[in-house]
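Chains as they are written, first to last, in the numbering used here: chain A, 7 to 201; chain B, 52 to 593. What follows is a set of notes on a single structure, which appears directly below.
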Amino acid sequence: MKKDIVLGGVGGQGILTIAATIGTAAVSNGLFLKQSEVHGMSQRGGDVMSNIRISSNEVFSDLIPEGKADLILAVEPMEALRHFKMLKNGGWLITNQKPFINIKNYPELDDVLAQVNALENHIVIDADGIAKDLGSVKAANIVMLGAGLPFIGLEVEMLEDALGVLFGRKGQDVVDLNIKALKAGLAEANKVINK
Amino acid sequence: MQKAVLLGDEAIAQGALDAGVSAVYAYPGTPSTEINEYILRSKEHRSGNVVATWTTNEKTSMEMAIGASYVGKRALVTMKHVGLNVAADPFMNVPITGVNGGLVIVSADDPSMHSSQNEQDSRYYGKFAQIPVLEPINQQQAYDMMPYAFEMSERLNAPVLMRITTRLAHSRAGISFGEKTKQNELALPKNRKQFVLLPSIARVQYKDLLNNWPNVIKESETAGYNKYLDGKDKSMGIITTGIAYNYLMENYPEGIDFPILQIAQYPLPTSMVQRLYDECDTIMVLEEGYPIVEEGLRGILDNGKTIFGRLDGTLPRDGELNPNLVAKAMGFEIPEINDTPEVVTARPPALCAGCPHTDSYTALNMVMEQHGDGRVFSDIGCYTLAALAPLESINTTVDMGASITMAKGAADMGLIPSVAVIGDSTFTHSGMTGLLDAVNAKSPITVMILDNFTTGMTGGQQSQATGKLEAICEGLGVEKEHIRILNPIKKYHDENTAVMKEELEYNGVSVIIPRRECVITLNARLRAAKNKKKLEKANKEN
Ligand SMILES: Cc1ncc(C[n+]2csc(CCOP(=O)(O)OP(=O)(O)O)c2C)c(N)n1
Ligand code: SF4
């Protein structure tokens, strides 16, 4: 088993939490992990990215080679496209549909989504809407994690446990909310895959 | 045993704790910050067993660590690469005093300048100071090397430099922990003159340092961190340094036939290099950073075997390596890669919504309008982002502290007004001395110290300036009536511009301190208070 995942988003959108959840789940299940992330300057509202590599064999490079990612998982649609050159032939691109507009020249959303839709393997999800219905928009990142789950190579229970580890400090209600978000995202992705 | 998922930085911190470190000193700086943050969160520190603190700057950090080593304790100093420039004075001298307790310095380089103003390679400093340098190839090795680094430091009577780069620092991996070592007992140096670098003593000890060098090279050859991995295809031998090894192996999932010399410790292991050179027809050098090994191998005349690397264009001369660059260097075809769609627009970092700096700059821009371009000398911090649109308020950023001193130099040459803009943490890091120079010369400069009660850029560490700025400025001799405190908020825009105008017109040193908390630390504080209340309530109900 070997999966290379690129996470994309904007500073503050919670992609490091997605990364930490996958990383914790992978290592507690005996897999090798390399997960590089961006700290510092770009966290001030700039684009942020994380490379997650999990494998049953030793992982060498902290960076995924361009053109080799199995999955791009993004919490923002333009940020999904920013990492397009990382995606391998036949890889999946899964993104939240809600744009994060903190720049004046943000492109037309329709143009962005048209690019996403042009790709054969793609899923677009209203993660903010789903998270809001569950009780907090803050869980939108975990909805996206759920949506990516069919392509990450880990079982849903492994991620539930990891969410327990990571959010346990904040109370059982927060853990439960995130587990619900995870499952909702997964259900949404399965709808597209099984179509 | 269960592995812990840790950043490279955190693995180093845990390694130091397990190695019995007693004192950790640091000034924040990407990509090194998370080392001390981890130590500060650790139970060893919180229970009072390990001293750990943010200091005023890297030089004070280094000297405190030397003091801790003096009394026989193991000490760690961490910083980003340019921090080592600030700490260079003690760093260059401590190899000559030698150590008592183990002394390890971690310098985190930032090739490709993700969050830095240059991409200098700290390995040169190791060579310059003539000390052992460790360059771990991955996070587990970074952890494993810490106990060794302290032990070697004590055994060879030398400070040890660990050089890491951004990708190792900021990438997580599963780490297995080793045994814990107890801290050293307090023990003063046996030789009372060991740390007295009077010329007569320094000359003798410097000779000792030079004479010790063969032992240091031997250490590189025998410690086991440098590995000769033989291969049957001798048409090329490959030298990798640090994490470059990983980018190579990424391209050879089934294994590789070329012999590899994997370097993780310096000085270079001479006999291993000799063997590779003798046995192979050509040499490829893959190093993360400047071509320091490659340069040495080529020598001045470069008239030996064919060598591929950064100096002949096989790899780019600048920037970090990655798997594809190494693939190309090794002659692999790169599969066709998607183009980035045209709709993708740059999203540069920017000041947070509600940031106090925005209000300070909006007022300053208004006042500076009539004076034209090129008069605002600034510094390094979140407020540097005002060099970009939409604010475009500042004209320089060179190194920490340079705002005040550059403004003074320009004013000396007749540029009026000359304005300096500096953050609170940067001011205590290295702005204070320059302000004294300006006061002594009665320079007509206006200094704005943006006081947001924190070191914002690096994630909100405690600022040594908090609560002390007026006293410091007054103490340095700035006239009391020319120290002006502002509240940088839209509501007071008119008052603030009026004060700035007045002080710009003053023919002497004035200091304006716009003061309002960073919104990120403010929100974090409010959130923590709310969570604490929630927890207390829950506890009561149980
Ligand atoms: C010598 C050196 N050490 C550390 C850094 C990393 N660094 C950049 S800005 C900064 C601190 C900024 O804090 P402050 O001046 O209070 O400004 P703020 O970011 O809060 O606006 C630090 C530590 C650096 N660039 N150079
Ligand atoms: S982190 Fe604080 S100081 Fe930095 S931009 Fe944001 S609000 Fe301003």
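Ideal placement from N, C-alpha and C gives every residue a C-beta, glycine not left out. Quick caveat, the model's predicted, so the values are computed rather than measured.
CA-to-CA, the gap between isoleucine 431 of chain B and threonine 505 of chain B works out to about 13 Å. The beta carbons of glycine 511 of chain B and cysteine 569 of chain B sit about 7 Å from each other, so the pair counts as a contact at 8 Å.
Look at the stretch 59 to 84 of chain A: the residues with a C-beta under 7 Å from a C-beta of chain B are Phe66, Ser67, Asp68, Leu69, Pro71, Glu72, Gly73, Met84. With fewer than 16 neighbouring CB atoms inside 10 Å of its own CB, asparagine 63 of chain A falls in the exposed class. Glutamate 163 of chain A is outside the set of residues whose beta carbon lies under 8 Å from a beta carbon in chain B. Here DSSP, grouped into helix, strand and coil, assigns glutamine 513 of chain B to strand.
Counted as a single uninterrupted DSSP element, the alpha helix (DSSP H) harbouring asparagine 144 of chain B occupies residues 139 to 148. Residues Asn147 of the same chain have their beta carbon placed closer than 6 Å to that of glycine 20 of chain A, with the five preceding and five following residues left out of the count. Distance from the C-beta of valine 54 of chain A to the nearest heavy atom of ligand 1 is not below 7 Å.
Per DSSP, the beta-bridge partners of histidine 128 of chain A are A:Leu99. For aspartate 390 of chain B, the residues of chain A that pass the 8 Å Cβ criterion are Phe90, Lys91, in the order they occur in the chain.
A distance filter of 6 Å between CB atoms and the heavy atoms of ligand 2 selects the following residues in sequence order: A:Arg50, B:Leu402, B:Cys403, B:Cys406, B:His408, B:Cys433, B:Asn503, B:Gly507, B:Cys569, B:Val570, B:Ile571.
Proximity of lysine 591 of chain B to chain A, defined by a Cβ-Cβ separation below 8 Å, is not satisfied. Partner residues in the beta bridge of isoleucine 290 of chain B, as assigned by DSSP, are B:Leu312, B:Val336. Approximately 23 Å separates the beta-carbon atoms of alanine 62 of chain B and valine 150 of chain B; this is outside 8 Å, ruling out the contact. Within the stretch 76 to 90 of chain B, those residues whose Cβ lies closer than 8 Å to any Cβ of chain A are, in chain order, Thr81, Pro82, Thr84, Glu85. Taking C-beta atoms as the reference points, proline 162 of chain B and alanine 315 of chain B fail to come closer than 8 Å.
Shown here, tyrosine 76 of chain B sits in a strand according to DSSP, grouped into three states.
Comparing C-alpha distances from valine 65 of chain A to each of A:Gly135, A:Val33, A:Asp167, A:Val122 shows the shortest one belongs to A:Val33. Judged by the Cβ position, glycine 17 of chain A fails to qualify as a neighbour of ligand 1 at the 7 Å threshold, every heavy atom of the ligand being at least this far. Along the stretch 303 to 321 of chain B, none of the residues has a CB nearer than 7 Å to a CB of chain A. Restricting attention to B:Lys519, B:Asn136, B:Asp475, the CA atom closest to the CA of aspartate 502 of chain B is found in B:Asp475. Comparing alpha carbon positions, the residue from A:Glu72, A:Leu13, A:Ala26, A:Thr27 closest to proline 386 of chain B is A:Glu72.
Runs of alpha helix (DSSP H) with 4 or more residues, each lying fully within the stretch 521 to 592 of chain B, are found at 544 to 556, 570 to 592, listed in chain order. Sequence-ordered contacts of the stretch 212 to 238 of chain B with chain A read Arg218, Leu219, His221, Ser222, Arg223, Ala224, Gly225 [C-beta pairs closer than 8 Å]. Aspartate 308 of chain B counts as exposed, since fewer than 16 other beta carbons sit within 10 angstroms of its beta carbon. With 16 or more other Cβ atoms inside 10 Å of its own Cβ, glutamine 256 of chain B counts as buried. For valine 171 of chain A and glycine 355 of chain B, the gap between their C-alpha atoms comes out near 57 Å. Listed by position along chain B, the residues whose Cβ is nearer than 9 Å to that of isoleucine 109 of chain A are Thr396, Ala397, Arg398, Pro399, Ala401. Here the distance from the Cβ of isoleucine 431 of chain B to the nearest heavy atom of ligand 1 is below 7 Å.
At least 8 Å separates the beta-carbon of isoleucine 185 of chain A from that of leucine 79 of chain A.
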